[in-house]
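J.:
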Amino acid sequence: MKRILLLVLSLFYLTQLYAQEKSTVSGYIKDAANGEGLIGVSVYVQELKTGTTTNAYGFYSLTLPKAQYNLVFTYVGYERVVKTIDLVTHDVKLDIELKDDSKVLQEVIVTSKKADENVKSLEMSVNKVDIKTIQKMPALLGEVDIIKSIQFLPGVTSVGEGTSGFNVRGGGIDQNLVLLDEAPVYNSSHLFGFFSVFNPDAVKDVKLIKGGIPAQYGGRVSSILDVRMKEGNAKKPQFSGGIGSIFSRFTYERPIFKDKGSFIVALRRSYIDILAKPFLKDDLKGSRFYFYDFTAKGNVRVNDKNTLFLSGYFGRDTFGADFGFNWGNATTSFRWNHVFNNKLFLNNTVFYSNYDYALQTDLKKKNTQDAFRWKSNIITYSIKPDFTYYPNANNTITFGGQLTYYTFNPGQAVAISGGVERSIGLDDKFASEAALYVGNEQKITSKISLQYGLRYSLYDYLGKGNALILGEAPAEGERRPVTSSTPFNWGQSIKKYGNFEPRFAANIGLGENNSIKLSYNRLVQYLHLLSNTTASSPLDVWTPSSNNIKPQLSDQVALGYFHNLADNMYETSVEVYYKKLYNQIDYIRNADLLLNPNVEGDLLFGDGRAYGAEFYVKKTKGKFNGWVSYTLARTERKIPGLNLNNWFPSRIDKTHNLAIVGIYDLNSKWTFSTNFTFSTGTPASFPTNKYIWQDIALPHNYYDTRNTYRIPASHRLDISATRQNKHAFFKKGTSEWVFSVYNVYNRRNPFSVFVRQNENNQTQTEAVRYAIFGSIIPAVTYNFKF
Amino acid sequence: MKNIFLSILIAFASFSLLSCEDVVNIDVQEGVSQLTVDALITNKAQTQTIKLSLSQAYFDNSPVKPALGATVTVFDEDSVAHNFIDLKNDGNYVYDGKTKPLDKLGKQYVLYIKYQGEEYVSLSKLNRVPKIDSINYAVEKFPVKPDNGPQEGFQPQFYAHDFEGEGDCYWIKSAKNHKYFNKSNQISVAYDAGFSPGSKSDGLLFILPIRQSLGGELYSDKDTLTVDLYSITKEQFYYLQIVQQVSSNGGLFATPLSNIPTNIINYNSQSTKKAVGFFGIMAVNSAEAVIDKAKAKPKE
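Protein chains in written order, with my numbering: chain V, 1 to 786; chain E, 1 to 300.
(1) Below 7 Å between beta carbons: does that hold for phenylalanine 672 of chain V and tyrosine 664 of chain V?
(2) So glutamine 360 of chain V is in the alpha helix (DSSP H); what residue range does that whole segment cover?
(3) Aspartate 38 of chain E versus chain V: which residues are under 8 Å apart at the beta carbon?
(4) Who are the near neighbours of proline 712 of chain V in its chain, counting only those whose CB is closer than 7 Å to its CB and skipping five residues on each side?
(5) Hey, how far is the Cα of isoleucine 109 of chain V from the Cα of asparagine 568 of chain V?
(6) Evaluate contact between the region 87 to 94 of chain E and the region 66 to 73 of chain E, counting only Cβ atoms and requiring at least three cross-stretch pairs below 8 Å.
(7) Thinking C-beta only, is glycine 193 of chain V closer than 7 Å to serine 164 of chain V?
(8) Counting C-beta neighbours from all protein chains within 10 Å, is the total for glutamine 106 of chain V 16 or more, i.e. buried, or is it exposed?
(9) With which residues is aspartate 665 of chain V paired in a DSSP beta bridge?
(10) What separation, rounded to the nearest whole angstrom, lies between the Cα atoms of isoleucine 448 of chain V and threonine 620 of chain V?
(11) Roughly how many whole angstroms lie between the Cα atoms of tyrosine 582 of chain V and threonine 407 of chain V?
(12) What three-state label does DSSP hand valine 788 of chain V in the structure shown?
(13) Could you please tell me which residues of the region 614 to 639 of chain V, in chain order, have their CB closer than 9 Å to any CB of chain E?
(14) Taking just the CA atoms, how far does asparagine 268 of chain E sit from aspartate 96 of chain E?
(15) Would you please verify whether the beta carbon of proline 699 of chain V is less than 7 Å from any beta carbon of chain E?
(16) For chain E, find out if any of its Cβ atoms is closer than 7 Å to the Cβ of glutamine 762 of chain V; answer yes or no.
(17) Contact defined as beta carbons within less than 8 Å: I believe tyrosine 839 of chain V pairs with threonine 398 of chain V. What is the distance between those atoms, to the nearest angstrom?
(18) What is the DSSP secondary structure of valine 599 of chain V, counted as helix, strand or coil?
(19) Quick one: grab the DSSP three-state call for phenylalanine 786 of chain V.
(20) Taking the alpha-carbon of alanine 558 of chain V as reference, which of V:Tyr587, V:Glu571, V:Leu603 and V:Glu614 has the nearest alpha-carbon?
(21) For a quick check, are the C-beta atoms of valine 129 of chain V and valine 206 of chain V less than 7 Å apart?
(22) Could you check what DSSP says for leucine 105 of chain V in three-state terms: helix, strand or coil?
(23) Tell me, please, whether the CB atom of alanine 296 of chain E is closer than 7 Å to any CB atom in chain V?
(24) Under a three-way DSSP split, which group does aspartate 221 of chain E fall into?
(25) Judging by CA-CA distance, which residue of E:Tyr115, E:Leu111 and E:Val129 is the nearest neighbour of leucine 123 of chain E?
(26) Report the option in V:Arg254, V:Ile29, V:Asp602 and V:Ile224 whose CA atom is closest to the CA atom of lysine 83 of chain V.
(27) Along chain V, in chain order, which residues have C-beta atoms closer than 9 Å to that of lysine 176 of chain E?
(28) Assuming phenylalanine 211 of chain E is part of the alpha helix (DSSP H), what are its boundary residues?
(29) Check whether the region 48 to 66 of chain V touches the region 342 to 354 of chain V, counting contact only when three or more Cβ pairs, one atom from each stretch, lie closer than 8 Å.
(30) Below 8 Å on the Cβ atoms is my guess for threonine 705 of chain V versus leucine 644 of chain V; work out the distance and round it to an integer in Å.
(31) For valine 822 of chain V, decide whether its Cβ has a neighbour in chain E, counting only Cβ atoms nearer than 7 Å.
(32) Closest Cβ-Cβ distance between valine 108 of chain V and chain E: below 7 Å?
(33) Please report the straight-line C-alpha distance between lysine 495 of chain V and serine 432 of chain V, rounded to a whole angstrom.
(34) Beta-carbon within less than 7 Å of valine 628 of chain V's beta-carbon, same chain only, minus the 5 sequence neighbours each way: which residues are those?
(35) Would you list the one or two residues that DSSP bridges to phenylalanine 142 of chain E?
(36) Valine 119 of chain V and phenylalanine 73 of chain V look like a contact to me (Cβ under 8 Å); what is the Cβ gap, rounded to whole Å?
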């Protein structure tokens, strides 16, 4: 801990040291069309063959020996800019606006020589998908979906179509830190997972980090999905929107404060309920079934040194007639970007995130005689200062911390029977998490660069609450009884956990177009999603680490070979990874996870491991682009009490995963795209025997093994065509039609295969294949912008 | 409770989109056949039956094989033995309870089985059961035609109060025109007056969905409704709950298939022969009503 502080302090000292013989060029890089800050723009110093990239706010800083330089700014999809700067006498502040190059697509563009980030950057196990690409990919029911799109990337899977969340390199859906403008989103799904909560019209950048995770991130053990919202058009007011099969969307953005800032508001709402309204009669009258999300963000540039951002996301799903339920996320984040000097950048984030759900039996009309109402939530408050320090061209130092306070309401319910009301409920739980980190990105030679860092996290499970003391289970794998409980007062520490999380990545260049990268990271996760179902349901409860639940830990090593071909037209990579997971949660047979005060006694703990190889080829330029990704993987768990204490494939294990995405820009009018996926079926457990009890055939697995079978493989082809129109309305703006077909060759991909009794004779048994989408799904979407 | 909510969730999820189910063939490994004990007996003064059979390969839909030649005895807490005899040599071991019913309320009962040299034992307890106060019914019309029963008819409800004292468990069985609803998805159990230990419903009137869980379909005028309220042990409550769960465990929110815990224990814990099934003794109170449309409550 102390060492980290010392390091941080010495950095400030270093600033002074370097000041004499060097000068600094710094500034912001923005999109010329709308003033959006651009993330990850390459800034290359031709003379020194070195460079840097812009951070999440479009800021860059380079400290170089005093001389004249040519700086080359390149960014995929944008025109290249070269600027000559004079650092001989003084520091230079240089803000750049880059122009979108899509307007010149018809010509063969010779972009800069340096589109070789794939090979040159330190990042490995990182996938960025351009939001423009996501918007061109065929989507289910024509609804552009970020979470579904990233499932086409290597190492990313899901347990099946239409399920919520995603799995990265064998990690559970709760092991991904999904950040929307730095605030965590606990449930990224609408309608049980059919659609994700991010409105694509408001998203600027999507980055998935699967390995080599930098020290600034922490809190989940598998991956980081960093979603950045647009800042809003800073040049001119703009309306955009669309009507799809599920959502209608509307976005408005404009400059504010005399062009010193901008804002964006984006609303999406499903509208099937409105169309259906006239047809609902009797009991269905008054039914509610809709989901919406509202995204808003504003920023103001107070002066050259200070920029403020305020972003919010509010989404909700509501379903039901008499019986109904709703769930949703709300996040608000406030950020302050401060440039201390041209070498030290601060982003300070304060955020609030809430995920809640409620269920009730009297949604339409309050019933005072007989009812059941249940709600649950998790709230997070956090402050997170992140500093970036650019001492010289060869080092970029990041340091900072995070302080988080959690409140969990695992379930509050009232049951009313015959007018008598009882409140059922679980006590709220509280926890805090503090973290400090420091990391450096260092170029050792022109061929070798390193990224190393250390994060320390300190978690505290806090009162007010009762610490449950559990006894021994009668047999391994069975329920542990609660023997006693110890009460704790407000703010009293019940259980503390502290962990060092080292991070490391290296890039070794082999000639101009090849590199080898390797990385190691340890990650710690203090929150756990209790979910025992194949697909996660919105009712799953987040629970904190406690005296009985230890934090999850993961260690991952990855090794990759990166190679670019044909003047960087093709990016290729092969990565192998091995991930070891500790303190993984599983469940006793027939566990009771909801509204159970002694739920900790129903949990089992064990280890997990995941390993695999990922192959990736991407064509980045030209009229035809896209990628092929193939993953060979294995994900296993070993939980004392399950599967005779042997390793078994986890429920998300899929051996082969192939994804192909192709996008063809025919001309200025038409764009065509296609997706294809193939994946091995998930594991399943089947009974070996049946026995008849009370005229019902009951399943029994004589060997008591788990996941020894596989359901059949899934594959699917989707296509879409986009037609650009000259104008939207009244000869203004632009618009487009998107025609898409999901599941072109009408395959019934099995989500699961399960066994059951025959409905008419319950002593007879059968196996059933369940497919979530059993048909071709065509859709048409209309988008406009003016 | 939660299971009900989950199944409603599943219903929503599948209704909303284009899901489909097909019956398919799969190959599974066959396990070793085991003794199956189907032993639910009551305090009623009538013939009580314990069925012994052998488990078979899961997809083997041939008639079940009886377990013959077993010795079956139920002892009460006062060591009185009640012998169950396989009169027809078909695996149905019966005891004539007309003269000496098994009705020592609050007492424990032990089941003893000797089969092919192995001795199996099990323990249950005859718990108290409340009276059913009344049955009423209201006019009801479903928005869509249900699979079973009429679309328009009467939704019955029974009224009974849980005893004071936490942990009483019940099983509600119902019959329409003397035909019992026996399917796995028609099992209705209560923990106190609610669905689970967490629901803190001790001493209440049975909560609403339970009061109406009488087969899951509407009744017509002149139909006879029978409600049997059984007292069961906590173990049986969980057993029935799991039976219900494993029987409708498909789709998006399926849980991993797990074996149903049995309360039939091989006396020799070293033996590899294990039995499956469940033994329970239950007290029962019943009520009957003939639906009379003139007496029906109006639609709520």
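Where a beta carbon is used, it is the ideal one built from N, C-alpha and C, also for glycine.
T.: Looking at the coordinates:
(1) Going by C-beta atoms, phenylalanine 672 of chain V is nearer than 7 Å to tyrosine 664 of chain V.
(2) Note, glutamine 360 of chain V: premise wrong, no alpha helix (DSSP H); beta strand (DSSP E) at 344 to 360.
(3) Ile692, Trp693 and Gln694
(4) Gly681 and Pro750
(5) Caution is warranted here: a pLDDT of 38 is assigned to isoleucine 109 of chain V, below 50, making its placement in the model unreliable, and the coordinate value is therefore given only provisionally. Rounded to whole angstroms, isoleucine 109 of chain V to asparagine 568 of chain V spans 13 Å at the Cα level.
(6) yes
(7) Between serine 164 of chain V and glycine 193 of chain V, the C-beta spacing is below 7 Å.
(8) The predicted model places glutamine 106 of chain V with a pLDDT of 38, which falls under 50 and marks its position as unreliable, so this point remains unresolved.
(9) V:Thr671
(10) Cα to Cα, isoleucine 448 of chain V sits roughly 25 Å from threonine 620 of chain V.
(11) C-alpha separation (whole angstroms): 25 Å.
(12) This structure cannot settle anything about residue 788 of chain V, because the visible part of chain V is limited to 1 through 786.
(13) none
(14) C-alpha separation (whole angstroms): 30 Å.
(15) yes
(16) For glutamine 762 of chain V, the answer is yes, since a Cβ of chain E falls inside 7 Å of its Cβ.
(17) Summary: the structure shown does not reach residue 839 of chain V, with chain V confined to residues 1 through 786, and so no result is reported for it.
(18) helix
(19) coil
(20) V:Glu614
(21) Yes, Cβ-Cβ distance for valine 129 of chain V and valine 206 of chain V is below 7 Å.
(22) Residue confidence for leucine 105 of chain V is low, a pLDDT of 41 falling below 50, so the modelled location carries little weight and cannot support an answer.
(23) no
(24) In the three-state reduction of the DSSP assignment, aspartate 221 of chain E falls in the coil class, being assigned neither a helical nor a strand state.
(25) E:Leu111
(26) Residue V:Ile29 is the option with its Cα nearest to lysine 83 of chain V.
(27) Within chain V, no residue comes near lysine 176 of chain E; the closest Cβ sits about 17 Å away, beyond 9 Å.
(28) One detail in the question is off: residue 211 of chain E reads as arginine in this sequence, not phenylalanine. If you look at arginine 211 of chain E, you'll find it in the alpha helix (DSSP H) that goes 208 to 211.
(29) yes
(30) With a beta-carbon spacing of about 7 Å, threonine 705 of chain V and leucine 644 of chain V fall inside the 8 Å limit used to define contacts.
(31) Only positions 1 to 786 of chain V appear in the structure, and residue 822 of chain V is not among them; the question remains open.
(32) Here valine 108 of chain V scores only 36 on pLDDT, less than 50, and its place in the model is too uncertain to base an answer on.
(33) 11 Å
(34) Val617 and Ile660
(35) Bridge partners of phenylalanine 142 of chain E: none, in fact.
(36) Not a contact, Cβ separation roughly 19 Å.
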